[in-house]
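There are 2 protein chains.
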Amino acid sequence: MKISELSRTTGVPVASIKYFRRQGLLPAGKATAATLAEYGQEHVQRLRLIKALTTLGGLSIAAAREVLTAVDQAHSTESALGAVSYALPVPVAESPVGDADREAETGSAAEAEVEALIAAMDWQMPGTSPHVQGLTAALRELKRLDADYRPGELVAYAELARSAARLDLDRAATFDDDPVSLAEQAVIVFALSAPVLELLRRLAQEDQVRRRIAGGKPEPDTE
Amino acid sequence: MKISELSRTTGVPVASIKYFRRQGLLPAGKATAATLAEYGQEHVQRLRLIKALTTLGGLSIAAAREVLTAVDQAHSTESALGAVSYALPVPVAESPVGDADREAETGSAAEAEVEALIAAMDWQMPGTSPHVQGLTAALRELKRLDADYRPGELVAYAELARSAARLDLDRAATFDDDPVSLAEQAVIVFALSAPVLELLRRLAQEDQVRRRIAGGKPEPDTE
DNA sequence: AGCTACTGGATACCTTCAGTATCCAGTTAC
DNA sequence: GTAACTGGATACTGAAGGTATCCAGTAGCT
């Protein structure tokens with residue numbers, strides 16, 4: 001199909017398609033002539049994936065490109081998952097300011113905590129993993145706000161995270177029947193589960209708050 | 001302290017402090033004269049919170065304002081949590097395009113799924129909750145990518161979410177000794193746990209991937 | 001009283017991001 | 001032959017998140 005048709009079927013403006021192509025998110029169509037290219041079903045799929053990654057996953061164009069590149073170079077589900085995991089943006093920025101003394105002491109404390117956690121969970125981590133870095137930074141930030149986790153709390157959360165990860169991986173394993181878009185599915189599981197999980201947590205929080213407000217009093221009937 | 005001192009202690013440029021004040025994130029200092037205001041420790045704290053919310057929590061200025069407004073108007077931990085929960089941005093945007101037929105069928109399917117999930121979890125939800133809307137939209141999007149959850153999977157995730165929410169609420173309850181910044185702590189728990197949890201999940205995923213590549217045995221040992 | 005440093009407030013400006021729109025010259029299907 | 005369409009380049013837009021500048025009014029020191 002021509003680019004205009006691709007635009008029509010996906011609902012993405014032609015200009016945007018060109019933009020994504022320019023940004024390396026979307027492969028160019030098969031050129032049938034100097035000024036004409038043929039697009040296929042894979043482009044439709046890719047466009048959908050891009051849309052999902054950016055809107056649902058909240059990825060920037062640059063992050064999406066990295067993820068998609070990882071997808072294209074992956075030769076197995078695992079390698080795709082690994083690459084994607086590293087390509088996904090970590091939601092923590094280092095805060096370069098603040099008093100240096102406090103920084104130093106809380107900084108090393110956060111590091112030690114993360115190290116202890118990884119040991120407690122029996123995780124084998126390179127230490128250079130961006131996730132380790134990110135977690136350390138996040139804990140540092142929380143410490144600075146005097147809202148850090150008490151000993152054990154973090155482990156409890158980590159146990160939940162482990163369960164979630166098992167579900168994720170199991171889920172990824174069920175996609176084995178379609179090897180073509182296998183890596184894509186892996187991406188989806190990794191990148192797009194996060195918002196779903198977060199939403200679920202919010203829902204659960206909302207329910208918990210409601211219940212605890214009600215307190216010992218009898219359950220308020222639904223209207 | 002004067003605004004310049006506030007700037008020095010927090011590391012936030014004066015212009016930015018003014019900006020936050022203008023945006024309603026930071027209360028004005030107590031005016032000691034027409035062109036002079038006194039800032040206190042609460043401003044330092046607030047500035048830290050703003051920074052954490054925007055960098056760690058990834059909130060926009062507008063979202064942060066909403067959250068902070070909720071904090072200021074809260075009279076109990078629960079009301080703060082409730083307000084904050086709704087003020088936090090939901091990471092899903094409706095995709096208004098696509099073929100209408102498929103849209104209709106998957107759309108209602110997603111709705112039914114969410115409804116069933118809420119029933120299965122015994123959650124009492126208004127249905128108008130933005131989280132319900134968001135989850136529905138997210139599932140719709142995943143369906144469109146042919147990566148939707150199989151029956152039961154979602155429930156498993158929801159159970160994890162429930163556990164996490166319990167931990168969250170328990171955590172929030174331990175802050176009762178400092179009623180001044182109580183609402184702030186609640187915000188932190190709700191808004192800033194998300195990145196930590198997500199990071200933990202990534203860590204766990206990374207570990208899982210490593211184990212499954214190495215062992216070929218998808219069954220990790222229990223400790 | 002005079003001088004300088006600092007202030008709140010208003011406004012203008014800058015950079016990045018994610019698209020959109022325009023222009024162009026080369027096909028191509030009719 | 002011509003109207004429709006193309007890839008490619010470039011320009012533009014609008015929002016977001018700050019920064020920087022300008023201003024006249026003090027405060028505090030001398």
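Order-wise, the sequence lines are chains A and B.
Numbering-wise, the first sequence is residues 1 to 223 according to the UniProt record's numbering.
Numbering-wise, the second sequence is residues 1 to 223 according to the UniProt record's numbering.
Glycine included, every Cβ here is placed at the ideal spot set by N, Cα and C.
Among R65(A), E111(A), D148(A), nearest to A172(B) - alpha-carbon criterion
What you label residue 172(B) is simply residue 172 of the second sequence in a count that begins at 1. It is D148(A) whose Cα lies nearest to the Cα of A172(B).
Please classify D170(B) as buried or exposed, where buried requires at least 16 neighbouring CB atoms within 10 angstroms.
Taking the second sequence and counting its residues from 1, one reaches residue 170(B) at position 170. Answer is exposed; the Cβ neighbour count stays below 16.
Drop a sphere of 10 angstroms on the beta-carbon of P13(B), count the other beta-carbons inside from all chains shown, and report buried for 16 or more, exposed for fewer.
What you label residue 13(B) is simply residue 13 of the second sequence in a count that begins at 1. Looking at its Cβ environment, which holds fewer than 16 other Cβ atoms inside 10 Å, P13(B) is exposed.
What's the C-alpha gap between A33(A) and E5(A)?
Against the first sequence, residue 33(A) aligns to sequence position 33. Against the first sequence, residue 5(A) aligns to sequence position 5. Between A33(A) and E5(A), the C-alpha separation is close to 17 Å.
Listed from N- to C-terminal order along the chain, which residues in the segment 120-131 of chain A have their beta-carbon within a distance smaller than 8 Å of any beta-carbon of chain B?
M121, D122, W123, Q124, M125, S129, H131
Sorted by chain position, which residues of the same chain lie with C-beta nearer than 7 Å to S7(B)'s C-beta, five sequence neighbours on each side aside?
Here the question's residue 7(B) lines up with position 7 in the second sequence. If we look at S7(B) and ignore the five residues flanking it on each side, its Cβ neighbours are P13, V14, I17.
Can you list the residues of chain A that A37(B) reaches, using a CB-CB cut of under 9 Å?
Within the second sequence, numbered from 1, the residue matching residue 37(B) stands at position 37. Neighbours of A37(B) on chain A: none; closest Cβ ~22 Å, over 9 Å.
Identify every residue that forms a DSSP beta bridge with A37(A).
The residue given as residue 37(A) occupies position 37 in the first sequence. Answer is A31(A), bridged to A37(A).
Check the C-beta distance from T128(A) over to V114(A) and give it rounded, since I have them as a contact under 8 Å.
Within the first sequence, the letter at position 128 stands for residue 128(A). Within the first sequence, the letter at position 114 stands for residue 114(A). About 13 Å; that fails the 8 Å criterion.
Using a threshold of 8 Å, state whether the C-beta atoms of A138(B) and L199(A) are closer than that.
Along the second sequence, one-based indexing puts residue 138(B) at 138. Along the first sequence, one-based indexing puts residue 199(A) at 199. Result yes, Cβ atoms of A138(B) and L199(A) sit closer than 8 Å.
Rounded to a whole number of angstroms, what is the C-alpha to C-alpha distance between D168(B) and G82(A)?
Within the second sequence, the letter at position 168 stands for residue 168(B). Within the first sequence, the letter at position 82 stands for residue 82(A). If I take the Cα positions, the gap works out to 29 Å.
Going along chain A, which residues have a C-beta under 8 Å from A156(B)?
Here the question's residue 156(B) lines up with position 156 in the second sequence. In chain order: L167.
When DSSP labels each residue in this structure, what does Y149(A) get in the three-state scheme?
As a position in the first sequence, residue 149(A) is number 149, starting the count at 1. In the structure shown, Y149(A) sits in coil (DSSP, three-state: anything other than H, G, I, E or B).
Could you check which residue in R201(A), V189(A), S108(A), A112(A) has the C-alpha nearest to that of L160(A)?
Sequence index remark: in the first sequence, residue 160(A) carries index 160 (1-based). When only C-alpha atoms are compared, the closest one is R201(A).
With a threshold of 8 Å between beta carbons, is E111(B) in contact with chain A?
Here residue 111(B) is taken as the residue at index 111 of the second sequence, counted from 1. Not an interface residue.
Would you tell me roughly how many angstroms separate the C-alpha atoms of K51(B) and Y157(B), rounded to the nearest one?
On the second sequence, position 51 is the one that residue 51(B) refers to. On the second sequence, position 157 is the one that residue 157(B) refers to. Taking the straight line joining both Cα atoms gives about 31 Å.
CB of V44(B) within 8 Å of CB of T69(B), strictly
Here residue 44(B) refers to the residue found at position 44 of the second sequence. Here residue 69(B) refers to the residue found at position 69 of the second sequence. No, the Cβ-Cβ distance between V44(B) and T69(B) is not below 8 Å.
Please tell me whether F190(B) and S85(B) are closer than 8 Å, where the distance is taken between their beta carbons.
The residue you call residue 190(B) lines up with position 190 of the second sequence. The residue you call residue 85(B) lines up with position 85 of the second sequence. Yes, Cβ-Cβ distance for F190(B) and S85(B) is below 8 Å.
Cβ of P151(A) within 8 Å of any chain B Cβ:
On the first sequence, residue 151(A) is found 151 positions in, with the first residue counted as 1. It does not: the Cβ of P151(A) has no partner Cβ on chain B nearer than 8 Å.
Taking Cβ-Cβ distances shorter than 7 Å, what residues in chain A pair up with L163(B)?
Position 163 of the second sequence, counted from the first residue, corresponds to residue 163(B). The amino acid occupying residue 163(B) in the given sequence is Ser; Leu does not appear at that position. Within 7 Å Cβ-Cβ: L160.
Measuring from the CB of A137(A), is there a heavy atom of the ligand HEM at a distance below 7 Å?
In the structure on display, the ligand HEM does not appear, and there are no ligands present to speak of.
Give the straight-line distance between the Cα atoms of A64(B) and S163(B), rounded to the nearest whole angstrom.
Here residue 64(B) refers to the residue found at position 64 of the second sequence. Here residue 163(B) refers to the residue found at position 163 of the second sequence. When rounded, the distance between both Cα atoms is 26 Å.
Please classify D72(A): is it buried, with 16 or more other beta-carbons within 10 angstroms of its beta-carbon, or exposed?
Within the first sequence, numbered from 1, the residue matching residue 72(A) stands at position 72. Exposed, because fewer than 16 other Cβ atoms sit within 10 Å of the Cβ of D72(A).
Mark H131(A) as exposed unless 16 or more other C-beta atoms lie within 10 angstroms of its C-beta, in which case mark it buried.
As a first step, residue 131(A) is located in the first sequence; it is residue number 131 there, counting from the start. It counts as buried.
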